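Asker: Structure provided below as structure tokens; questions to follow.
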Amino acid sequence: MDLTKFSKKLWSARQQLILILAPLLLLPLLFVVPPKEGKCLYVVLLMAVYWCTEALPLAVTAMLPVCLFPTMGILSSKKVCPQYFLETNFLFLSGLVMASAIEEWGLHRRIALKVLKIVGVKPAWLILGMMITSSFLSMWLSNTATTAMMLPIANAILESLFGNLETLKEKCKVKKDLEGEDSQLKMYVLPSEKQILTTVDRPDVTERSDQQNLEEVRREAEYQIKVWKGFLISIPYAASIGGTATLTGTAPNLILVGQLKSSFPECDLINFGSWFVFAFPLMFLFLILGWIWISFLYGGLNTRLCVNKHDEREAAEAKANAVIDEDYKKLGPIKFAEGSITFFFILFAVLLFTRDPKFVTGWSVFFNKGYVSDAVTGVIIISILFFFPSQRPSLRWWFDPRASYTAYVPLLSWRKAQECVPWNIILLLGGGFAMAKGCEESGLAVWIGSHLQPLAQVPPPVAVILITAFIACFTEIASNTATIIIFLPVIAELAIRVKVNPLYFMIPATTGCSYAFMLPVSTPPNSIAFASGHLLVRDMVKTGFVMNILGIMCVALAMNTWGLKMFNLHTYPDWARPLNPTSAAVPTHSILAMNMTG
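Sequential numbering from 1 applies to the sequence shown in the numbering used here.
Following this line, the structure appears as structure tokens:
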């Protein structure tokens, strides 16, 4: 068998080989690391390999702690299994159920079309409208569902503006036909008045005019294809950015909350309201910078497309407006079910935001302290959806003998919720919490922290940039949920070792997990946009590289300005001291101090 065929066989069997070889190659850890810590490190690294290579489905890998922690003597099953349905999982579940109700009645599509009607169809503003809509929806829906819903809308509008994409590509091929005639074009000089008067009898001048027209057509087609790519690439990027603004927007945010409750039970600074106050301005800033960069790169900021001009584009823009108007009219007037979902959606967001926003007294003070959490709020609201009617109730129905005996239909059925809720993500969250519990109980987190002492010499503001950059790069090749599960306990222990407020390192790492823009495989939204066939890998790498840099800088700015004040990041908190009894009892120097040491 030749080498080529053998390598192809190896590649086709790579997942099975990883499943078998990874446990064997990691066995030396059990002998070179202290016993209990070594066993836990073995499980953590094995899960990390399986997550990064997807040798097993992510959810199946997440259940390995149930098998391995008890059998290896790391943690009893009574302590492992409850980690798979903590209150954080209930908060995530409530967000997913609310999203499924919104999708069931098409409210998300009405919101999207309404925003596009407001911003208009000038490409620069339309890209902004697409990004604002995508980011807002992904705050409540999954990033994947938002992207899948927005891309068809974008394609329909673009076809109205520019025509069929394949036709544009054909027009771009004119360049090849003109290359052989460039030398002839260069020989022409400005014609005299006599020559102008005799152009009717000069077919060569007419040919030159036709060639110039063809060149203009080619340039216009190339420009329109660039704008088209800008539209397609802006939607998944905006969905990833928008998910960072709410705790339920993306799984890493909830893993941060779960990690804090596991490692720092006394820390109550992060909840739905306080996170929104911190993360929404960060999301908005990054979204605007991202819009400017994408519009600049793909031609959307060209003034000819941002101001009104009386030319042929007006007809195309009017047609695109007509498409949006027609799609919106097809939705018809707001139905009773849509209005009800809107009410409960707003109530859901307001109650979560005002429960305990930290900067003002929340409504949770009316209950026993510590009894009512965000999970309780979310489950109360979504429970109502399963019995609230989708048709307007009427007393006349009871007394009208001719009324139809239609079955009672609630706003949301359990069957629909089962279909729409990604249960694998809930298992993935549970696996992360189980892993964190194992690291804590086995002493692995402390052992790793003891080997991170040299990093104490790095100034904390620089460390924030490095942590965010590293996580953003790693999540390009691995699931963002798996990435944060693997690294968050290590980052928390690092913060303790250098006596920095753990939130100062953990929040940037959590946010950076959502900044995967460079590769099609980085996130499901990227994959959906790339699967359209109109984007190249180099388009995503070129755009995403600068997006990553902008995101890292925005996170660093947020952490060192309003985040510093909101979470008191300039002092080492009391709630972090019990995990590090050897730490000094005095507050650390300012976060901005350059000489901070462990």
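Virtual Cβ for every residue (Gly too), placed ideally from N, Cα, C. Note that this is a predicted model, so its numbers are computed, not measured.
1. Indicate the three-state DSSP secondary structure (helix, strand or coil) for P401 in the structure shown.
2. According to DSSP, is P393 part of a helix, a strand, or is it coil?
3. To which residues does DSSP link P410 through a beta bridge?
4. Is it right to say S138 is buried, meaning 16 or more other beta carbons lie within 10 angstroms of its own, or is it exposed?
5. Starting from T483, trace the alpha helix (DSSP H) in both directions and tell me its first and last residue.
6. Can you give me the C-alpha to C-alpha distance between F388 and P410, rounded to a whole angstrom?
7. So which of L254, P123, P401 has the shortest CA-CA distance to L91?
8. Would you mind reading off the limits of the alpha helix (DSSP H) that contains T246?
9. Whose C-alpha, out of L247, E440, F280, S134, is nearest the C-alpha of A238?
10. Measure the alpha-carbon distance for E54 versus L428 and round it to whole angstroms.
11. Looking at C-beta atoms only, is the number of pairs between the region 74–92 and the region 375–392 that lie closer than 8 Å three or more?
12. Unbroken alpha helix (DSSP H) runs of length 4 or more, entirely within the region 58–85: which are they?
13. Use the C-beta contact count for Q457: other C-beta atoms within 10 angstroms, 16 or more gives buried, fewer gives exposed.
14. Starting from Y42, trace the alpha helix (DSSP H) in both directions and tell me its first and last residue.
15. Are K39 and L30 close, meaning C-beta to C-beta below 8 Å?
16. When the Cα atoms are used, what is the spatial distance from V227 to P123?
17. Give a yes or no on whether the C-beta atoms belonging to W291 and L128 are separated by under 8 Å.
18. Going along the chain, which residues of its own chain have a beta-carbon closer than 6 Å to the beta-carbon of A62, five neighbours each way excluded?
19. Beta-carbon within less than 6 Å of W275's beta-carbon, same chain only, minus the 5 sequence neighbours each way: which residues are those?
20. Which of the three DSSP states, helix, strand or coil, is assigned to G95?
21. Classify S142: buried if its beta carbon has 16 or more other beta carbons within 10 angstroms, exposed otherwise.
22. Taking C-alpha atoms, which residue in L24, S240, G95 lies nearest to F344?
23. Tell me the residue span of the alpha helix (DSSP H) that contains I270.
24. Counting only beta-carbon separations shorter than 8 Å, does F280 have a partner in chain B?
25. Quick one, which of S100, G73, F231, S12 has its alpha-carbon nearest P422's?
26. Just to check my reading of the structure: G370 and A472 have Cβ atoms closer than 8 Å, yes? What is that Cβ distance to the nearest angstrom?
27. Are at least three pairs of beta-carbons, each pair with one atom in the region 497–509 and one in the region 550–567, less than 8 Å apart?
28. Please report the distance separating the alpha-carbon of N526 from that of F367.
29. Would you tell me roughly how many angstroms separate the C-alpha atoms of W575 and Y408, rounded to the nearest one?
30. Using a threshold of 8 Å, state whether the C-beta atoms of I484 and P252 are closer than that.
31. Compute the beta-carbon to beta-carbon distance between L466 and L494, rounded to the nearest angstrom, for a pair I have assumed lies under 8 Å.
32. Figure out for me which residue from K329, W140, L25, L557 has the closest Cα to the Cα of L352.
33. Would DSSP call F278 helix, strand or coil?
34. Please specify which runs of the alpha helix (DSSP H), each continuous and at least 4 residues long, are wholly inside the region 415–445, giving them in chain order.
35. Does the structure place the region 538–557 close enough to the region 278–287 that three or more beta carbon pairs sit under 8 Å?
Answerer: Let's see:
1. In this structure, DSSP gives P401 a state outside helix and strand, which the three-state scheme calls coil.
2. Here P393 sits in coil by DSSP.
3. Partner(s): P389.
4. Classification of S138: buried, given that the 10 Å Cβ count is 16 or more.
5. It spans 480–497 - the alpha helix (DSSP H) in which T483 sits, taken as one unbroken run.
6. Taking the straight line from one Cα to the other gives about 5 Å.
7. Answer by Cα proximity: L254.
8. Segment: none, T246 is in no alpha helix (DSSP H) and carries neither H nor E.
9. Selected option, being the one with the closest Cα: S134.
10. Straight-line Cα distance between these residues: approximately 13 Å.
11. Taking 8 Å as the limit for Cβ pairs, the verdict is that the region 375–392 does touch the region 74–92.
12. The region 58–85 contains these whole alpha helix (DSSP H) runs: 58–62, 64–71, 77–80.
13. Exposed: under 16 other Cβ atoms inside 10 Å.
14. Boundaries of the alpha helix (DSSP H) harbouring Y42: 35–53, taken from the DSSP string.
15. Going by C-beta atoms, K39 is nearer than 8 Å to L30.
16. Take the alpha-carbon of V227 and the one of P123: they are about 7 Å apart.
17. Yes. Within cutoff.
18. Shown here for A62: same chain residues with a beta carbon closer than 6 Å to its own, the five before and five after excluded, namely L427, L428, G431 in chain order.
19. Excluding sequence neighbours, W275 sits near L247.
20. In this structure, DSSP gives G95 a helical state, which the three-state scheme calls helix.
21. Buried, by the Cβ-count rule.
22. If we check each option's Cα against that of F344, G95 comes out closest.
23. For I270, there is no enclosing alpha helix (DSSP H), as DSSP marks it with neither H nor E.
24. Looking for chain B here will not work: only one protein chain is present.
25. Ranking S100, G73, F231, S12 by Cα distance to P422 puts S100 first.
26. About 35 Å separates the Cβ atoms of G370 and A472, ruling out a contact at the 8 Å cut-off.
27. In the pairwise beta carbon analysis, the region 497–509 is classified as touching the region 550–567: at least three pairs are separated by under 8 Å.
28. Roughly 44 Å separates the two Cα atoms.
29. If I take the Cα positions, the gap works out to 51 Å.
30. Yes, these two residues count as a Cβ contact at 8 Å.
31. Contact check for L466 and L494: beta-carbon distance about 11 Å, past the 8 Å limit, so the pair fails to qualify.
32. Shortest Cα-Cα distance from L352 to any of K329, W140, L25, L557 involves W140.
33. Looking at F278 - three-state DSSP - the assignment turns out to be helix.
34. Taking only runs of at least 4 residues, the alpha helix (DSSP H) segments lying wholly in the region 415–445 are 423–442.
35. The region 278–287, when compared against the region 538–557, does touch it at the 8 Å Cβ threshold.
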